[in-house]
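>
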Amino acid sequence: MLDGTVITCSAPVNIAVIKYWGKRDDELILPVNSSLSVTLHQDQLKTTTTIACSRDFQEDRIWINGREEDINQSRLQSCLREMRRLARKRSGDGDPAHGVAGLSHKVHICSVNNFPTAAGLASSASGYACLVYTLSRLFGVEGELSAVARQGSGSACRSMYGGFVQWKIGERADGKDSLAEQVQPETHWPELRVLVLVVNAQRKHIGSTSGMQTSVKTSSLLKHRAECLVSGQMDKMMRAINTKDFSAFGELTMQDSNQFHATCLDTYPPIFYLSDVSRQIINLVHCYNHHYREIKVAYTFDAGPNAVIFTLQEHLPEFVQVVRYFFPPESNEEQFLKGLSVDSVPVSESLKAAIGMEPVANGISYIISTKVKVPGSSMWGLSGTLATGNLLFMGPFP
Ligand code: DP6
Numbered sequence: 013m014l015d016g017t018v019i020t021c022s023a024p025v026n027i028a029v030i031k032y033w034g035k036r037d038d039e040l041i042l043p044v045n046s047s048l049s050v051t052l053h054q055d056q057l058k059t060t061t062t063i064a065c066s067r068d069f070q071e072d073r074i075w076i077n078g079r080e081e082d083i084n085q086s087r088l089q090s091c092l093r094e095m096r097r098l099a100r101k102r103s104g105d106g107d108p109a110h111g112v113a114g115l116s117h118k119v120h121i122c123s124v125n126n127f128p129t130a131a132g133l134a135s136s137a138s139g140y141a142c143l144v145y146t147l148s149r150l151f152g153v154e155g156e157l158s159a160v161a162r163q164g165s166g167s168a169c170r171s172m173y174g175g176f177v178q179w180k181i182g183e184r185a186d187g188k189d190s191l192a193e194q195v196q197p198e199t200h201w202p203e204l205r206v207l208v209l210v211v212n213a214q215r216k217h218i219g220s221t222s223g224m225q226t227s228v229k230t231s232s233l234l235k236h237r238a239e240c241l242v243s244g245q246m247d248k249m250m251r252a253i254n255t256k257d258f259s260a261f262g263e264l265t266m267q268d269s270n271q272f273h274a275t276c277l278d279t280y281p282p283i284f285y286l287s288d289v290s291r292q293i294i295n296l297v298h299c300y301n302h303h304y305r306e307i308k309v310a311y312t313f314d315a316g317p318n319a320v321i322f323t324l325q326e327h328l329p330e331f332v333q334v335v336r337y338f339f340p341p342e343s344n345e346e347q348f349l350k351g352l353s354v355d356s357v358p359v360s361e362s363l364k365a366a367i368g369m370e371p372v373a374n375g376i377s378y379i380i381s382t383k384v385k386v387p388g389s390s391m392w393g394l395s396g397t398l399a400t401g402n403l404l405f406m407g408p409f410p
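Per the working numbering, residue 13 is the first one in the sequence shown, and the count goes up by one each step.
(1) Check for me: the beta strand (DSSP E) holding A28 runs from which residue to which?
(2) Threshold first: 4 residues or longer. Then list the alpha helix (DSSP H) segments lying entirely within the segment 64 to 149, N to C.
(3) What does the alpha-carbon distance come out to for the pair A28 and E239?
(4) Using DSSP's beta-bridge definition, name the partner residues of R205.
(5) Between K35, V160 and I19, which lies nearest to Q225 when the distance is taken from Cα to Cα?
(6) Quick one: give me the first and last residue of the alpha helix (DSSP H) that Y337 is part of.
(7) Could you tell me the boundaries of the alpha helix (DSSP H) in which S47 lies?
(8) Does DSSP put I19 in a helix, in a strand, or in coil?
(9) Is G139 near the ligand DP6, judged by its Cβ being under 7 angstroms from some heavy atom?
(10) Would you kindly report the start and end of the unbroken beta strand (DSSP E) that includes D37?
(11) Determine the closest residue to A274 out of V44, Q70 and L233, with distance taken between C-alpha atoms.
(12) Might you give, ordered along the chain, the residues of its own chain that have their beta carbon closer than 6 angstroms to the beta carbon of E330, omitting 5 neighbours on each side?
(13) By Cβ distance below 6 angstroms, which residues in the same chain neighbour Q194 in space, the five residues on each side in sequence not counted?
(14) Can you give me the C-alpha to C-alpha distance between R87 and T230, rounded to a whole angstrom?
(15) If I follow the unbroken alpha helix (DSSP H) through Q225, where does it start and stop?
(16) For the segment 277 to 289 against the segment 239 to 250, are there 3 or more C-beta pairs whose distance is under 8 angstroms?
(17) Is any heavy atom of the ligand DP6 found at a distance shorter than 7 angstroms from the C-beta of A23?
(18) Buried or exposed for T20, please, with buried defined as at least 16 other CB atoms from any protein chain shown within 10 angstroms of its CB.
(19) Any heavy atom of the ligand DP6 closer than 7 angstroms to the CB of M224?
(20) Compare the C-alpha of V206 against each of N26, S220 and G375 and name the closest.
(21) DSSP state of T448, grouped into three classes?
(22) Helix, strand or coil, according to DSSP, for L14 in the structure here?
(23) Within the same chain, show all residues whose beta-carbon is closer than 6 angstroms to that of G407, passing over the 5 residues directly before and after it, in chain order.
(24) Flag this pair as touching only if the segment 304 to 320 and the segment 338 to 358 have three or more C-beta atom pairs under 8 angstroms; answer yes or no.
(25) Taking 7 angstroms as the line, does the beta carbon of A315 fall inside it for any heavy atom of the ligand DP6?
(26) Just how far apart, CA to CA, sit T400 and G262?
(27) Rounded to the nearest angstrom, how far is the Cβ of V160 from that of E81, given a contact under 8 angstroms?
(28) Please state the DSSP three-state secondary structure of E154.
(29) Are the CB atoms of K31 and D268 nearer to each other than 8 angstroms?
(30) Smallest Cα separation from T279: which of G223, A260 and Q333?
(31) Please say whether H117 and R73 have beta carbons closer to each other than 8 angstroms?
(32) Can you say whether K101 is buried or exposed, counting buried as having 16 or more other CB atoms within 10 angstroms of its CB?
(33) Measuring from the CB of T61, is there a heavy atom of the ligand DP6 at a distance below 7 angstroms?
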């Protein structure tokens, strides 16, 4: 019985180290190249979605971060239609245990992020992964669901798994083999640490969907990257991850990020996602690594100016201190570092001199310190029943 059921689940953000940029099929969301990402811990970055189902609901509705949005958007419709189809298929498989009464009832969906939406922090990935996952719990659908999440947002398919995840390009025109797959589990590389340097939390100007459409139409670098470069980069990246070779992992991550932004620049008219502060961060990372003659820290940037930094636990305290020194917050000193705590250590004068840039006050709004999603922090949350007529929870989610 679905009538009156309420389900809440959460889903993680993922950060691509080999970027997805460009579709060969806009409707099914099929990519022009495979991609690979790291799924992040949910304590710092996640989407939480509550879905209620009731015979009293007149229509499907959705609220995102407390504001009602248009449920008729084609990507939302694809996910709802596909999940209901899978649920019907399952209830029609002859097993009475799988019978789901009330599949025709409407749903009310309430989704919130604990981080700024559309700031280049992949909110669509955790958002659609969470929508599909919560619907799967509501409808009792099991199995491979990354193909459904992919139809919400390409990068969402990778948030369906923890650890290190690849999204295989696939060959079929119907997209059935364009799926996400775990490369290594959550436990594989516990020393890996992640910092999100929030440069500018305002909404981005050109969304990834329209940005990549223009790139596909106009960039010959995109074509070359997809046809000749990515598959080799994927192989090397998987080797680096499998052997926990940070130096190789970091170098490949930075090179792929740079190649993606070069593709954006090769797009006509060009797309600029990086800001001056993004470029200062890139410079700082290279000077830091050069000082130690070793790749200790790596950056990657998505469709926005925020940097995501990968490093190992042992290097984290010093690097955070370096960021604080060169991007000093004007106020709110104690709010500058959010998430996992980081020890305070001094920064040597020789390191400051080696970086050699002028401090940029307020260049970075805040840092989120996090790590790879850990096992056991499942996407499955609580479930309950909706007292008929009680729609209070549909307001802005606490
Ligand atoms: C730069 O998944 O947001 O973050 O499929 O159109 O929804 P749509 O695009 P989206 O693109 C993400 C692009 C990226 C790189 C990546 O995550 O691989």
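For each residue, glycine too, the CB sits at the ideal point set by N, CA and C.
In short:
(1) Working through the sequence shown from its first residue, we reach residue 28 at position 16. Unbroken beta strand (DSSP E) run through A28: N26 to I30.
(2) 86 to 103
(3) The residue you call residue 28 lines up with position 16 of the sequence shown. The residue you call residue 239 lines up with position 227 of the sequence shown. Taking the straight line from one Cα to the other gives about 19 angstroms.
(4) To locate residue 205, count along the sequence shown from 1; it is residue 193. Answer is T323 and K383.
(5) Taking the first residue of the sequence shown as 1, we reach residue 225 at position 213. Checked all of K35, V160 and I19; the closest Cα to Q225 is K35.
(6) Here the question's residue 337 lines up with position 325 in the sequence shown. Y337 -> alpha helix (DSSP H) spans L328 to F338.
(7) Counting from one through the sequence shown, the residue named residue 47 turns up at place 35. That residue, S47, is in no alpha helix (DSSP H); its beta strand (DSSP E) goes S47 to T51.
(8) For the purposes of this step, residue 19 is taken as the residue at position 7 of the sequence shown. I19 falls in the strand class under three-state DSSP.
(9) For this step, residue 139 is matched to residue 127 along the sequence shown. Checking every heavy atom of the ligand DP6 against the Cβ of G139, none is found closer than 7 angstroms.
(10) Position 25 of the sequence shown, counting from 1, holds the residue named residue 37. Note, D37: beta strand (DSSP E), K35 to D37.
(11) Taking the first residue of the sequence shown as 1, we reach residue 274 at position 262. If we check each option's Cα against that of A274, L233 comes out closest.
(12) For the purposes of this step, residue 330 is taken as the residue at position 318 of the sequence shown. Excluding residues within five positions, the ones whose Cβ falls inside 6 angstroms are V357.
(13) Looking up residue 194 in the sequence shown gives position 182. Counting only Cβ-Cβ distances below 6 angstroms, and skipping sequence neighbours, we find Y173, G175 and V177.
(14) Residue 87 sits at position 75 when you count from the first residue of the sequence shown. Residue 230 sits at position 218 when you count from the first residue of the sequence shown. So the two alpha carbons sit approximately 25 angstroms from each other.
(15) Numbered from 1 along the sequence shown, position 213 holds the residue referred to as residue 225. Residues S220 to T230.
(16) no
(17) Here residue 23 refers to the residue found at position 11 when the sequence shown is read from its first residue. Because no heavy atom of the ligand DP6 lies under 7 angstroms away, the Cβ of A23 does not count as near it: no.
(18) Stepping through the sequence shown from its first residue, residue 20 is reached at position 8. It is buried - the Cβ of T20 has at least 16 other Cβ atoms within 10 Å.
(19) In the sequence shown, counting from the first residue as 1, residue 224 sits at position 212. Yes.
(20) Counting from 1 along the sequence shown, the entry for residue 206 is found at position 194. Minimum Cα distance to V206 is reached at N26.
(21) No answer is possible for residue 448: the residues shown for the chain start at 13 and end at 410.
(22) Here residue 14 refers to the residue found at position 2 when the sequence shown is read from its first residue. If DSSP states are grouped into helix, strand and coil, L14 belongs with coil.
(23) As a working note, residue 407 is residue 395 in the sequence shown. Any reading at G407 must be qualified, since the residue scores a pLDDT of 34, below 50, and its modelled position is unreliable; the value itself is stated next. Correct list: empty, nothing qualifies.
(24) no
(25) Residue numbering aside, residue 315 sits at position 303 when the sequence shown is read from its first letter. For the ligand DP6, at least one heavy atom lies less than 7 angstroms from the Cβ of A315.
(26) Here residue 400 refers to the residue found at position 388 of the sequence shown. Here residue 262 refers to the residue found at position 250 of the sequence shown. In this prediction, T400 scores a pLDDT of 36, lower than 50, which makes its location untrustworthy; the coordinate-derived value is nonetheless stated afterwards. Spanning the two alpha carbons is a distance of roughly 53 angstroms.
(27) Here residue 160 corresponds to residue number 148 of the sequence shown, with the count starting at 1. Here residue 81 corresponds to residue number 69 of the sequence shown, with the count starting at 1. At roughly 19 angstroms, the Cβ-Cβ gap does not stay under 8 angstroms, so V160 and E81 are not in contact.
(28) Residue numbering aside, residue 154 sits at position 142 when the sequence shown is read from its first letter. DSSP places E154 in coil when its eight states are reduced to three.
(29) Mapped onto the sequence shown, residue 31 falls at position 19. Mapped onto the sequence shown, residue 268 falls at position 256. Yes. Within cutoff.
(30) For the purposes of this step, residue 279 is taken as residue 267 along the sequence shown, with counting starting at 1. Answer by Cα proximity: G223.
(31) The count along the sequence shown starts at 1 and reaches residue 73 at position 61. The count along the sequence shown starts at 1 and reaches residue 117 at position 105. Cβ distance not < 8 angstroms, so R73 and H117 don't count as in contact.
(32) Your numbering for residue 101 matches position 89 in the sequence shown. Under this definition K101 is an exposed residue.
(33) In the sequence shown, counting from the first residue as 1, residue 61 sits at position 49. Because no heavy atom of the ligand DP6 lies under 7 angstroms away, the Cβ of T61 does not count as near it: no.
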